[in-house]
Amino acid sequence: MLSDNVLMPIDKSTRDIALEIYNHIKDLPIVSPHGHTDPAWFDENKPFENPVELLIKPDHYIFRMFYSQGLRLEDFGISRKDGKEVETDPKKIWHKVAENWYIFRGTQVGLWFDAQLKNVFGYNKAFTPETADELYDHIDNCLKKKEFLPREICKRFNIEVIATTDNVGDTLEHHRNIANSDFKCKVVPTFRPDTVTNPELHPVHKHIKSLAKQLDTEINSYEKFLKVLKERREFFIANGATASDHGVTVPRTYDLEKSECKDLFKKVLTNTASSKEKRIFCGQMITEMAKMATDDGLVMQLHAGVFRNHNSRIQRKFGNDKGCDIPVKCDYVNGLHPLLDKVGNNRNFRIVLFTMDETTYTRELAPLAGHYPSVFLGPPWWFNDSAEGMKRFRHAVTETAGFYNCSGFIDDTRALLSIPVRHDIARRVDAAYLAEMVQIGRLSKADALEVAYDLTYTQSKKIFNL
Amino acid sequence: MLSDNVLMPIDKSTRDIALEIYNHIKDLPIVSPHGHTDPAWFDENKPFENPVELLIKPDHYIFRMFYSQGLRLEDFGISRKDGKEVETDPKKIWHKVAENWYIFRGTQVGLWFDAQLKNVFGYNKAFTPETADELYDHIDNCLKKKEFLPREICKRFNIEVIATTDNVGDTLEHHRNIANSDFKCKVVPTFRPDTVTNPELHPVHKHIKSLAKQLDTEINSYEKFLKVLKERREFFIANGATASDHGVTVPRTYDLEKSECKDLFKKVLTNTASSKEKRIFCGQMITEMAKMATDDGLVMQLHAGVFRNHNSRIQRKFGNDKGCDIPVKCDYVNGLHPLLDKVGNNRNFRIVLFTMDETTYTRELAPLAGHYPSVFLGPPWWFNDSAEGMKRFRHAVTETAGFYNCSGFIDDTRALLSIPVRHDIARRVDAAYLAEMVQIGRLSKADALEVAYDLTYTQSKKIFNL
Amino acid sequence: MLSDNVLMPIDKSTRDIALEIYNHIKDLPIVSPHGHTDPAWFDENKPFENPVELLIKPDHYIFRMFYSQGLRLEDFGISRKDGKEVETDPKKIWHKVAENWYIFRGTQVGLWFDAQLKNVFGYNKAFTPETADELYDHIDNCLKKKEFLPREICKRFNIEVIATTDNVGDTLEHHRNIANSDFKCKVVPTFRPDTVTNPELHPVHKHIKSLAKQLDTEINSYEKFLKVLKERREFFIANGATASDHGVTVPRTYDLEKSECKDLFKKVLTNTASSKEKRIFCGQMITEMAKMATDDGLVMQLHAGVFRNHNSRIQRKFGNDKGCDIPVKCDYVNGLHPLLDKVGNNRNFRIVLFTMDETTYTRELAPLAGHYPSVFLGPPWWFNDSAEGMKRFRHAVTETAGFYNCSGFIDDTRALLSIPVRHDIARRVDAAYLAEMVQIGRLSKADALEVAYDLTYTQSKKIFNL
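Protein chains in written order, with this note's numbering: chain A, 1 to 466; chain B, 467 to 932; chain C, 933 to 1398.
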């Protein structure tokens, strides 16, 4: 197991308090209100294939770093769009990983990996070229055991609820199957309409047509488009969804006149919108979704500020989500003003904000969350979902927004086995932070224990209606 | 009393040094070069009404947080513009506050409040629903005692000088009365012309007319406008002012041709200026004020980077200053260039810069202050006037700008009883920071003691000519 | 000597680990891949003149701070462009420095200076008006000794390789002389073409003409211009250069059509380009240099984000590089996209990024370096080349980019005697940082020792091909 001292305060008396807080929360159920696990895993409950398929090939955090050091993605088994050969031998790939694993020293990925080995697989040696074979076999054997089936993992690590992220047109059959099974863990879908609402990142005109076809209807007007979206939201809600999720390049919203919306929609539908019009349409749709949320109560998650596929060569060769997305500056204050002016005071509306632009923590996000009843802060996201990133977040936002305008930890991962360790790391960081607050007289220990409990368990359930 | 350990270093040997530094400065007189206390308090010396009128209703830091948690401002007694009923029973309001006080855990407001209870009111229990009644009565009793009259508070906490903020047209009679009284504390006005110089935030055309009427003159040309402003500055100086204060949305200045200024002024006076023209006029006026300062020596304070009344619904219902102001990005380097190019090298000119955009600390503010003889840095402001915010400020600016390009602490408050605790917190944070510098060999203890003294007492007096 | 505890962790057990790491690296050879020392020093090996000529007059870090406190540059012997008298008596200047030295308390300059006194000159008292004379004489005597000649300094402090920065048209004769001498330290030039490629900062039209004249050729077309640049790069490479260096106001690159480039070049050559066209030309030239680098392998250094000569009065009176350069916001993600899209995946290309905009560390630089094989991060630069700045850098970038996408320390100085102390400070900061990583279980001590070695010695040699 990961040593108790990991990420804990170095000072003995502070560490003792931190450990008391950590022990108070470490075994609480895991609430995971946003992530990208595959619902089929929990429905079908099949074993994971092998260490490379499980841990390396799906993880852009890992292979982006190898690429940054001049290694080829092909050597890690990443498929090419042109179908040309890539490495397929998992043992060869595993050795390549082992030889280059030193580049992850000091990184968050290194910590997650190490913690998985110890806490999930019970393997306590370091990952080196020397231990590579032994470790491969160890994990491979584990994966063949019943206790490493997806449902067993959830049980073992006390995952109470897990939200997946699902395309607007998804049938959600896995979610229904799971709900009708005896699986105790709640697996809920999340409504993600980006493929039809964000023309900056998606060929929306095509997806709207496919969606219409799938639903056996026509989507030829803005009103009809909104009606279909409203119905899809209801369908998701009927299948357990409590939240929607939206990815945008920058957090810019609009509240346009109906006639403008209609014009924009026509252009988007005929794929004749300019770049600027696409951005405006996207921002208008965020506001439309927010307006619907005031009726149907889906909690809105806004993931903003990413230049997707910055490396166009890699996108052409290997496709999306290959570690080439790079964060950009955000302006939430001006950007969200139209949306918040419209629905920011609505008692039925909640929006959870995420960012990779840490400069907005003290300047924008904490002040917004500390005023608007609808605004909550998601935890540090993506590159900032790291021990230091979480610590910086708490230091930056707590004094202005307090703890109760913040969601609990969100793992946002597609790696099931990393979920327990990610939550464990967040609990450690919070315990360490709170212990220091106690030591410098800013929180009583009783309050710190209560806050720790709330941040770990209560807050996410409350904010996401889980 | 607040424990000695509050905000102090956790490490024993560092804490000992910090306490030595803190003890060296904790009883020094309070110099408060900028704030929003009411001069009538010191002139009339009437008792404060009750705990709610004193501590809750005037404090947008407090009720904005309640609002962020879905509570209604009406329930805290905040008056509506439409005159509709709000809660008036102070005890009921106090209980509402107590029930929800947990949301302030870890916040700066929580720390200020706790410190006031202990250091000002001598009440050492926590504020909870259980202690609410007792605490209310305790404070209420205090307020009836002579020692809680405004002048006694100043005496008890050794406030040597306090600056108020006063509209361009103010008669300053309270200041004159105070000066002619036997009250030892110096209460000086600060010249704040925003209502006639910043058309972005104020109906300047109306205020210029009122000002003209009040002064029994006409303001129908740019020259005359400048002349009136010059005279008002002189009037303020004659009544003790040593500084002016200017609030702007972004720190953008201009140095336009006279003819352009005249045109702009006409448009502003007739309320026909566009948004952009209003911004330019505002920026030009900052430069005009700076130019006058080279003559009359008023120290210029620039408070920049706030989107005022971001929540327009709250503004419509409750008015300005209701916790809906949100910071925005600032660019001091390009924005102040016209002003600094004009007067930045003038030996008679001083400008003290404030920001809520912490990203400008290392990139812009410290480099500017470490070069221009006229530029000084104000301490962390508003949401950043917090223990962590002050610590981040010192860490960010000291290595480049040193200590002597920084003003001492500024409380910027309208809450008289919070002044001693705010200064106390700043002194603790500085002591802790300096002790760490001593421990890592970057300052001798003798130098640290001298720096602590200068930051607490000398610097503000020197920079603000107090 | 500087005490072992300087910049070390305060906690004893962490400090012990830090000291073990520090002792492992403190005597490693100095690799200095970028700086501004004068190659004539190493060629001619003449003694430095006196303390003021060596330590004060060339150091804009120092006299900018004096200027910020209202002192006159003339009093520190800084020459005026109009030839008017300035102070010439070094002892008088030295006393002026001593009297005002307190303003450097807590600054990086203060630390460098103190460390030089102790580690280079073996003088262990503080610099005060009382010690000023003694210290002046002490340094003056040192400078007359053989061991303070430039080559001896390099030997004594184990400088293995030092890169200078040299104008595109430089003859590099000093470098050739040094290479042909028995001086063991490698002194290599760096190709800096800004004077002919950056019309934002330089009268490029004049410099292109001078360059053509010097080379006895004509530069009348874009093709010819590129050809000349290519040849100059080759000339630099033949004389030992392994890198180029580029200073730009903002990191904005372009990849324009040939015809557009030709048009731009004509305008630049005839000095008829608009401000915008100058900026575009500059950004296009960065891409051209990058393209050439894919052929000739010169490692590209990009120093971006400075408003040069912000104080135009000082520039007019005293010239460039007088402490009036102020950092500005940077956008590397959009700005470098054209360049990276062109050559970012090229195996022969390397670009090392520098910034003074720390907001880009987690948001932009670490993500870029953690993906592109060509992108490496330079250490904190200029105002951020400080103990705290280096610490913030490691905390901000390591979790995302790891250690191996970062160059080792770069001193970037024109002050030869500060080189050993600057490298020493960087080694201390890294040791302290790594020790904390060990203590919280994020690195094994063995890994920490290896990382420390690599950051101190291996990484810079590898990235810069030294």
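We put the CB at the ideal spot given by N, CA and C, even for glycine.
In this text the structure is predicted, and so the values were computed from the model without any measurement.
Alpha-carbon spacing of residue i relative to residue j, whole angstroms
i: residue 1292 of chain C; j: residue 1324 of chain C; result: 12 Å
i: residue 318 of chain A; j: residue 40 of chain A; result: 24 Å
i: residue 1097 of chain C; j: residue 1344 of chain C; result: 9 Å
i: residue 710 of chain B; j: residue 400 of chain A; result: 28 Å
i: residue 772 of chain B; j: residue 794 of chain B; result: 6 Å
i: residue 300 of chain A; j: residue 121 of chain A; result: 36 Å
i: residue 1427 of chain C; j: residue 1362 of chain C; result: Outside the shown range of chain C (933 to 1398) lies residue 1427 of chain C, about which nothing can therefore be said.
i: residue 1130 of chain C; j: residue 1289 of chain C; result: 21 Å
i: residue 114 of chain A; j: residue 128 of chain A; result: 12 Å
i: residue 57 of chain A; j: residue 308 of chain A; result: 20 Å
i: residue 1285 of chain C; j: residue 1398 of chain C; result: 18 Å
i: residue 642 of chain B; j: residue 947 of chain C; result: 59 Å
i: residue 33 of chain A; j: residue 1283 of chain C; result: 40 Å
i: residue 1136 of chain C; j: residue 1127 of chain C; result: 6 Å
7 Å Cβ cut-off: residues of chain C touching residue i
i: residue 430 of chain B; result: Lying outside 467 to 932, the shown extent of chain B, residue 430 of chain B is not represented and no answer is given.
i: residue 909 of chain B; result: 1037 and 1038
i: residue 835 of chain B; result: 1000
Residues bridged to residue i (per DSSP)
i: residue 456 of chain B; result: Residue 456 of chain B lies beyond the residue range present for chain B, which begins at 467 and ends at 932; the question has no answer from this structure.
i: residue 709 of chain B; result: B/765
i: residue 248 of chain A; result: A/304
i: residue 793 of chain B; result: B/772
i: residue 1091 of chain C; result: C/962
Test: residue i CB closer than 9 Å to a CB of chain D
i: residue 479 of chain B; result: Reference to chain D is not applicable here, since the protein chains of this structure are A, B and C.
Proximal chain A residues relative to residue i, where beta-carbon distance stays under 9 Å
i: residue 1265 of chain C; result: 307, 310, 326, 327, 328 and 329
i: residue 1270 of chain C; result: Chain A residues near residue 1270 of chain C: none, gap ~11 Å exceeds 9 Å.
i: residue 1337 of chain C; result: 65, 68, 69 and 103
Within chain B, the residues that residue i reaches when beta carbons sit closer than 7 Å
i: residue 954 of chain C; result: None at all; the shortest Cβ gap to chain B is about 13 Å.
i: residue 1245 of chain C; result: 811
Listed by chain order, chain A residues near residue i by CB distance under 7 Å
i: residue 525 of chain B; result: Under the 7 Å cutoff, chain A gives no residues; its nearest Cβ is about 13 Å from residue 525 of chain B.
i: residue 1181 of chain C; result: Near residue 1181 of chain C there are no residues of chain A at all, since even the closest Cβ is about 18 Å away, more than 7 Å.
Range covered by the beta strand (DSSP E) that runs through residue i
i: residue 964 of chain C; result: 962-964
First through last residue of the alpha helix (DSSP H) which encompasses residue i
i: residue 1383 of chain C; result: 1377-1385
i: residue 610 of chain B; result: 598-610
i: residue 116 of chain A; result: From DSSP, residue 116 of chain A is part of no alpha helix (DSSP H); its letter is neither H nor E.
i: residue 333 of chain A; result: 332-335
i: residue 485 of chain B; result: 478-491
i: residue 232 of chain A; result: 222-238
i: residue 1058 of chain C; result: No alpha helix (DSSP H) holds residue 1058 of chain C; DSSP gives it neither H nor E.
i: residue 1206 of chain C; result: Note, residue 1206 of chain C: premise wrong, no alpha helix (DSSP H); not H, not E.
i: residue 927 of chain B; result: 925-929
Proximal residues of chain C, C-beta to C-beta of residue i below 9 Å
i: residue 906 of chain B; result: 937, 938, 939, 940, 941, 942, 1319 and 1364
i: residue 721 of chain B; result: Those within 9 Å of residue 721 of chain B in chain C number zero; the least Cβ separation is about 12 Å.
Under 8 Å from the C-beta of residue i: neighbouring residues of chain A
i: residue 1383 of chain C; result: 105 and 106
i: residue 824 of chain B; result: 359, 362 and 363
Cross-chain neighbours of residue i in chain B, by beta carbon under 9 Å
i: residue 1051 of chain C; result: Under the 9 Å cutoff, chain B gives no residues; its nearest Cβ is about 13 Å from residue 1051 of chain C.
Per-residue contacts from residue i into chain C (C-beta, under 8 Å)
i: residue 886 of chain B; result: Simply none; closest approach about 27 Å.
In chain order, which beta strand (DSSP E) runs of at least 3 residues are fully inside the region 627-675 of chain B?
-> 652-654
What runs of the alpha helix (DSSP H), each 4 residues or longer, lie entirely inside the region 804-881 of chain B?
-> 832-835 and 853-867
Runs of alpha helix (DSSP H) lying entirely within the region 531-576 of chain B, each at least 4 residues, in chain order = 556-565
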